[in-house]
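Engineer:
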Amino acid sequence: MKNELSRRNNFYPDYDFFDEAMHDFFPAFYGGKNHGQKYMRTDIKETDNEYVMEVELPGMDKKDIHIDLKDGYLNISVKKSEKEDGGKKDNYIHRERSFSCQRNYYVGDIRKEDIKARYENGILNVTIPKETPRKEEEHRIEIE
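Note that full-length UniProt numbering numbers the sequence shown so that position 134 is 134, with each residue one more than the last.
1) Give the secondary structure of L57 by DSSP, where H, G and I count as helix, E and B as strand, and everything else as coil.
2) Roughly how far, in whole angstroms, is the beta-carbon of residue 156 from the beta-carbon of D43, given that I think they are within contact range, below 8 angstroms?
3) Once the 5 residues before and after P129 are set aside, which same chain residues still bring their CB inside 6 angstroms of it?
4) For P58, which residues in the same chain have their Cβ closer than 6 angstroms to its Cβ, ignoring the five residues on either side in sequence?
5) On the DSSP bridge assignment, give the partners of E43 in chain order.
6) Check the DSSP bridge columns for D129 and list the partner residues they point to.
7) Give the DSSP bridge partners of K116, in chain order.
8) Could you check the C-alpha separation between D109 and T127 for me, to the nearest Å?
9) Could you work out which residue in M40, V52 and D61 is closest to E120 when comparing CA atoms only?
Here is the structure:
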C-alpha cells in the first residue's frame, strides 16, 4: 500500500484522496470487481402474452425517466440533475446524486402504443406484448 500511495503522489498530481477513499469504501457502487451493472438493474418475466420488465431506479422522479422505442430497441434513460439553491454555493467535497445513465433492450417489432409503463416505489414496470409472428403471404404473379 505504501508503494501505491507513493506512486500516486509522484505520478498523479491530480490524485484526490476523498474520491479514492469513496472508491475503496464502496467498491460495489463504483463498479468494483465482479459487481456487474451498477445502475438500472433489470428483471424480466415472461407470461403467455407479454414480457414484464422491472427496472430498479431508486430515488428518481418520474419526470427524470424517459422511455423511447426506435428500430426495435426500447431505450430507458435517466437524467437526474443537481438541485439549484438560488445561487447559494455549498462546499461539497464529493457529489454523486447528479448523474445520467441509459440502457437499451431489444424488443422486436412492437408498436409504441402497446407498451405500458408505471413507476412506483423506485421500480419502473414496463409491460411489452410479445411480438406476433407475421404470416408469410404468397403473392403469385401471373406470367403473360
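Note that CB positions come from ideal geometry on N, CA and C, so glycine has one too.
Just so you know, these numbers come straight off a predicted model, no measurement behind them.
Structural biologist: Looking at the coordinates:
1) For the purposes of this step, residue 57 is identified with residue 57 of the sequence shown, where counting begins at 1. In the three-state DSSP reduction, L57 falls in the coil class, being neither helix nor strand.
2) The question about residue 156 has no answer, for the chain in this structure spans 1 to 144.
3) Here residue 129 refers to the residue found at position 129 when the sequence shown is read from its first residue. Around P129: E50 and D114.
4) Stepping through the sequence shown from its first residue, residue 58 is reached at position 58. Taken in chain order, the residues that qualify are G122.
5) Residue 43 sits at position 43 when you count from the first residue of the sequence shown. Per the sequence presented here, residue 43 reads as Asp, with Glu not at that position. Per DSSP, E54.
6) In the sequence shown, counting from the first residue as 1, residue 129 sits at position 129. One detail in the question is off: residue 129 reads as Pro in this sequence, not Asp. Answer is E50.
7) What you label residue 116 is simply residue 116 of the sequence shown in a count that begins at 1. Paired residue(s): T127.
8) Position 109 of the sequence shown, counting from 1, holds the residue named residue 109. Position 127 of the sequence shown, counting from 1, holds the residue named residue 127. Computed Cα separation, rounded: 15 angstroms.
9) On the sequence shown, residue 120 is found 120 positions in, with the first residue counted as 1. When only C-alpha atoms are compared, the closest one is D61.
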